[in-house]
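Per the working numbering, the very first residue in the sequence shown carries number 6; after that it's consecutive.
Using N, Cα and C, we set each Cβ at its ideal position, and we do this for glycine too.
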Amino acid sequence: MAAMAVADSAGANTSNGYNLPVGVTDMSREIYDLHMFVFWICVGIAVVVFGAMIYSLLKFRRSQGAVADTSMMHSTKVEVIWTLVPVVILIVMAVPAGETILRMEDMRDSGLSIRVTGYQWKWQYQYMDAGQGINYFSTLSQDSNFARQLHSGVDPSTVPNYLLSVDKPLVVPSGVKVRLLLTSMDVIHAWWIPDFGAKRDAIPGFINELWFNVTPGKEGIYRGQCAALCGRDHGFMPIVVEVKTPDDFKKWVDAQKAAAAPATVAALAPADRASVDGQVLKSKTTLQDSN
């Protein structure tokens, strides 16, 4: 269950390796509770059905002199009962499942929107909220990428978070409903973070949506993988999300914008760059005169 691993800063893995993770979002916990609710119903059904079968096999076996009763060929009452009981069980399971699915699809009141684009074999994150303008790619980290090469001579067990680390993680704030708009530029990918209870396909020419809201106090690094077989390097397409407090997230956004500003000016044509430099100089002169 390497894909379900949680970084040291985020605490222990919320899965025991045999079950769904409890997760760090309200939705992941609701999914877990629903899963366990249905699981115990299935356990109860198994106990009743297999218990009756085993009892009948032992109690009424031929070696004990049991003789088949061929007198009862039909019972309307029995047929009604074994039809209604499964219907009731299905309704009991379907109602909470339907409510959970509706909440999973409710994208209203999101506080942050990010476009996620899948490529062979990397992810692109574009922060869509006004004033942010953050856009970058997230790929497999260099140490994992080197260690996976044939004849690299590196023991993968010595590489921290081997195949589950990236050069630039997705950064989001805790306590904020984050909406992801997923698409792909080549083949079908799937964005999956087990501890968020979040998984959705990224399909070329189509936009899917999902959301998550990490509980405050659960800040840290969470890891997942592409969950759709997308080509020969599918196993080398991890997903890493770094969850920060709202204040730390704002500082990160400001730092990203400050770092991008000089690069944006440098990328302009010489004439455009001179125009920008002239406007900056004019603004500084005006400010000095006013002082």
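The continuous beta strand (DSSP E) containing Tyr124 extends over residues 117-124.
Its chain contains no residue whose beta carbon lies nearer than 8 Å to that of Gly158 once the 5 sequence neighbours on both sides are disregarded.
In summary, Met242 is buried, with 16 or more beta-carbon neighbours lying within 10 Å of its beta-carbon over all protein chains present. Here Arg34 carries a helix assignment [DSSP, helix/strand/coil]. When the Cα atoms are used, Lys182 and Ser118 turn out to be separated by approximately 9 Å. Using a Cβ distance threshold of 8 Å, Asn166 and Arg228 count as a contacting pair. In chain order, Ser143, Ile226, Val245, Val246, Glu247 place their CB closer than 8 Å to the CB of Pro174, counting only its own chain and leaving out the 5 sequence neighbours on each side. In the structure shown, Tyr130 adopts extended strand secondary structure according to DSSP, grouped into three states.
When Phe217, Pro251, Ala233 are compared, the shortest CA-CA separation from Asp111 is found for Phe217.
Going by DSSP, Leu89 is part of the alpha helix (DSSP H) stretching over 81-109. For Tyr23, the closest alpha carbon among the candidates Lys262, Asp31, Tyr37, Thr30 is that of Tyr37. Distance from the CA atom of Lys255 to the CA atom of Gly103, rounded to whole angstroms, is 36 Å.
For Cys231, DSSP records a beta bridge to Trp196. By the neighbour-count definition (other C-beta atoms within 10 Å, threshold 16), Ile198 is a buried residue.
Using a Cβ distance threshold of 8 Å, Ala207 and His194 count as a contacting pair. Taking all protein chains shown into account, Arg205 has 16 or more neighbouring C-beta atoms within 10 Å of its C-beta and is therefore buried. The Cβ atoms of Pro209 and Asp191 sit closer than 8 Å to each other.
In this structure, the straight-line span from the alpha carbon of Leu155 to that of Pro161 is close to 12 Å. Distance from the Cα of Val29 is smallest, within the candidate group Leu63, Thr105, Ala232, Ser179, for Ser179. Our two residues, Leu25 and Met77, have alpha carbons roughly 46 Å apart in a direct line. If you draw a straight line from the Cα of Pro101 to the Cα of Tyr141, it is about 39 Å long. For Leu95, the closest C-alpha among the options Ala57, Ile59, Met58, Ile50 is that of Ile50.
In terms of Cα proximity to Lys262, the closest of Gly138, Asp200, Phe211, Arg153 is Gly138.
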